[in-house]
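Counting in the working numbering, the sequence shown runs from 81 upward without gaps.
One structure below.
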Amino acid sequence: PPVDIFDYIVFGATGDLTMRKLLPALYYRYRDGQIPDQARIIGTARSPLSRADFQARAEKALQNFVKPADLDPDLARRFLALVHYVSLNGAEAGSNWPGLKDLLAEAPADRIRVYYLATAPDLYGRICENLSTQGLVTDQSRVVLEKPIGTDLASADEINDGVGRFFPENHIFRIDHYLGKETVQAVIALRFANPVFERLWSSDAIDYIQITAAETVGVEGRGPYYDKSGAMRDMIQNHLLQVLCLVAMDPPGSLEADSLRNEKLKVLRALRPITPEDVAVSTVRARYGAGEMGGKPVPGYLDDLGENAVSNTETFVAIRAQVDTWRWGNVPFYLRSGKRMAQKSSEIVIQFKTTPWSIFPEKPAANRLVIRIQPDEGVMLTVSTKDPTPTDSVALRQADINIAFEKAFATRYPDAYERLLLDVVRGDPVLFIRRDEVEAAWRWADPILQGWAENKSPLETYPAGSWGPDAARALLAERGHRWHEDM
Ligand code: BG6
């Protein structure tokens with residue numbers, strides 16, 4: 081069913097995120113009949129564009145980022161009629177606020193308003209202050225914050241305080257688009273709807289766990305942002321820790337937002353601190369050098385940044401994390417993310433322990449459960465079975481029980497933003513991050529970043545198009561473990 085009529089006001093509307101993710105996601109939901117025709121999408125940014133200019137950009141965004149087969153010209157035209165634009169610098173009190181106020185005043189005062197902040201995070205506080213001074217924060221107003229919330233705990237606190245002065249916590253939606261991914265939510269279903277897994281979900285049966293988000297893209301045009309951020313702040317502190325939470329948490333009492341978020345918080349708080357002194361032992365950081373992708377030579381990170389670039393930023397991280405709880409004992413959680421890697425692949429690998437004793441000539445290989453977040457969304461369980469080749473003894477062979485979701489359910493896998501954008505309108509925070517989660521995640525990340533800043537472990541290099549530096553392999557080999565691609 082369609083959501084209530086809303087006004088979606090996007091700050092930073094000419095940016096990449098709006099074009100690549102937000103507009104296409106809203107188009108898809110419009111196409112599915114979930115957005116009423118009276119709803120409005122109001123872009124704001126500093127550029128002095130007319131409404132028609134911005135609509136033309138939005139149209140181009142749909143052409144570029146919606147699958148051609150899904151783009152119906154008539155439907156697109158009706159969708160673009162929802163799009164408005166106000167040229168406004170949200171961080172400045174003296175900017176064109178009357179323009180936005182007048183436009184908003186054309187709708188009933190109790191209409192749902194979503195202020196989506198897709199600007200630099202250090203502007204969030206000022207934008208909220210201006211919204212409040214202008215009398216634009218109503219009971220029906222919500223604010224969405226894009227990651228990264230700060231660059232460490234102190235700056236995150238400052239941003240959260242800045243926003244929190246004008247919006248109550250239950251009207252603040254901190255987005256982590258990994259939680260909007262169908263397959264990430266499927267982890268909850270897999271674990272808590274299938275006793276066959278959950279009963280084995282602990283150090284009793286599990287040897288180690290890996291969570292990987294590997295990308296083939298480099299930094300593209302995002303150098304200025306990325307170089308200040310790096311893989312730890314861009315991916316690990318938020319996306320990978322959130323996935324880790326869903327894998328490691330205890331069963332929540334219900335699917336209510338706070339029930340789930342309390343359990344995630346417990347995991348974040350149970351993460352064993354990695355002190356600056358520990359970084360040499362438990363972490364690997366690296367950046368890509370020149371290499372080859374799909375048979376073509378590609379430049380290294382420094383060349384991607386531009387001439388004479390100087391940088392100490394990591395584009396790859398691997399970490400051995402521990403969750404200090406009764407359930408997890410000493411089970412390592414290997415987290416890994418990188419740019420310019422061999423394949424685009426986000427997945428969770430649960431490596432089980434093998435049999436305590438073997439009646440077969442060889443020791444059976446351990447079971448392995450792979451949850452493929454993207455692409456090829458699905459679940460695969462590797463089991464040992466009898467080798468059917470005729471011999472005079474019982475030999476074992478490994479085979480996969482494999483579910484490819486798209487095929488199994490014959491359905492389109494929506495982009496994560498589709499679900500999340502409308503959850504904000506519905507006022508459902510279950511897939512958003514609570515303030516204490518952000519804080520706990522930074523509390524764990526900060527000392528690691530500090531150790532790196534003090535050069536307690538070297539910045540390695542890896543060739544573009546590879547699975548990362550040798551040191552990442554060594555991090556697992558120390559315990560007799562292997563990354564999935566080496567199994
Ligand atoms: C974003 C990061 O949050 O996630 C990007 O800022 C990264 O650097 C992206 O490329 C990855 O998202 P996905 O959905 O493609 O895995």
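Note that beta-carbon positions come from the ideal geometry of N, C-alpha and C, so glycine has one too.
Computed from a predicted model, the values in this text were never measured in an experiment.
| For E300, which of T395, V364, G244, V361 has the nearest alpha-carbon? | T395
| field | Whole-angstrom distance between K424 and G380, CA atom to CA atom | value | 18 angstroms
| task | Return yes when the Cβ of V163 is within less than 8 angstroms of the Cβ of I121, no when it is not. | result | yes
| How long is the line joining the alpha carbons of S235 and G205, rounded to whole angstroms? | 11 angstroms
| Roughly how many angstroms lie between the CA atoms of F272 and E278, to the nearest whole one? | 7 angstroms
| query | When burial is assigned at 16 or more other CB atoms within 10 Å of the CB, is W547 buried or exposed? | reply | With 16 or more other Cβ atoms within 10 Å, it is buried.
| message | What does the Cβ neighbour count give for V474, buried or exposed, with the cut at 16 atoms within 10 Å? | response | exposed
| message | Using C-beta distances below 8 angstroms, list every residue in its chain close to D190, excluding the 5 sequence neighbours before and after it, in chain order. | response | T218, D219, Q220
| said: Taking the beta strand (DSSP E) that Q478 belongs to, which residues open and close that run? | reply: For Q478, the uninterrupted beta strand (DSSP E) run begins and ends at 476-484, by DSSP.
| Taking the C-alpha atoms as reference points, what is the distance between Y108 and S438? | When rounded, the distance between both Cα atoms is 53 angstroms.
| request: Would you check whether ligand 1 has a heavy atom nearer than 7 angstroms to the C-beta of S426? | output: yes
| Is it the case that the CB of E457 approaches a heavy atom of ligand 1 more closely than 7 angstroms? | no
| task | Measure from the alpha carbon of K227 to the alpha carbon of each residue in A173, M315, Q402, G244, then state which is nearest. | result | M315
| Q220 by DSSP, collapsed to three states: which one? | Residue state, collapsed to three classes: coil.
| What are the partner residues of R400, as DSSP defines its beta bridges? | R400 pairs with Y414.
| field | Where K308 falls, given that 16 or more other Cβ within 10 Å makes a residue buried | value | A residue is called buried once 16 or more other Cβ atoms fall within 10 Å of its Cβ, and K308, having fewer, is exposed.
| field | Buried versus exposed, by CB contacts within 10 Å (16 or more), P178 | value | Residue environment: P178 is assigned as exposed (fewer than 16 neighbouring CB atoms within 10 Å of its CB, all protein chains considered).
| task | Reducing DSSP to helix, strand and coil, say where Q431 ends up. | result | The DSSP-derived three-state label of Q431 is strand.
| task | Measure how close the beta-carbons of G47 and G386 come, nearest whole angstrom, since I'm counting them as under 8 angstroms. | result | Outside the shown range of the chain, which is 81 to 567, sits residue 47, and nothing can be said about it.
| request: Specify, as a first and last residue, the run of the alpha helix (DSSP H) that T213 falls within. | output: 204-213
| Buried or exposed: which applies to D383, given that a residue is buried once 16 or more other Cβ atoms fall within 10 Å of its Cβ? | exposed
| task | Answer yes or no: the CB of V224 versus the heavy atoms of ligand 1, is any distance below 7 angstroms? | result | no
| said: Determine whether the beta carbon atoms of V359 and S212 lie at a separation below 8 angstroms. | reply: no
| query | What does Y368 pair with, by DSSP beta-bridge criteria? | reply | Beta-bridge pairing links Y368 to Y542.
| query | Rounded C-beta distance between L103 and L142? I'm assuming under 8 angstroms. | reply | 6 angstroms
| query | Is the closest heavy atom of ligand 1 to the C-beta of E295 under 7 angstroms? | reply | yes
| field | For G174 and A294, the rounded distance between their alpha carbons | value | One C-alpha to the other measures close to 44 angstroms.
| query | Under a three-way DSSP split, which group does Q322 fall into? | reply | helix
| CA-to-CA distance, F86 to Q118, given in whole angstroms | 8 angstroms
| query | Should V224 and Y196 be called a contact, given that it needs their Cβ atoms to be closer than 8 angstroms? | reply | yes
| message | Tell me which residues share the same chain as S167 and place their Cβ nearer than 8 angstroms to its Cβ, disregarding the 5 neighbours each side in the sequence. | response | T124, A125, R126, S127, P128, L129, N176, G179
| Since A525 contacts Q317 with CB under 8 angstroms, what's their CB separation in whole angstroms? | 5 angstroms
| request: Let me know the secondary structure DSSP gives L103 once reduced to three states. | output: helix
| Would the beta-carbon of D154 be found less than 7 angstroms away from any heavy atom of ligand 1? | Distances between the C-beta of D154 and the heavy atoms of ligand 1 are all 7 angstroms or more.
| task | Check whether the Cβ of M569 lies closer than 7 angstroms to any heavy atom of ligand 1, and answer yes or no. | result | With the chain running from 81 to 567 in the structure shown, residue 569 is simply not present.
| query | Any idea what DSSP makes of F512, helix, strand or coil? | reply | Coil.
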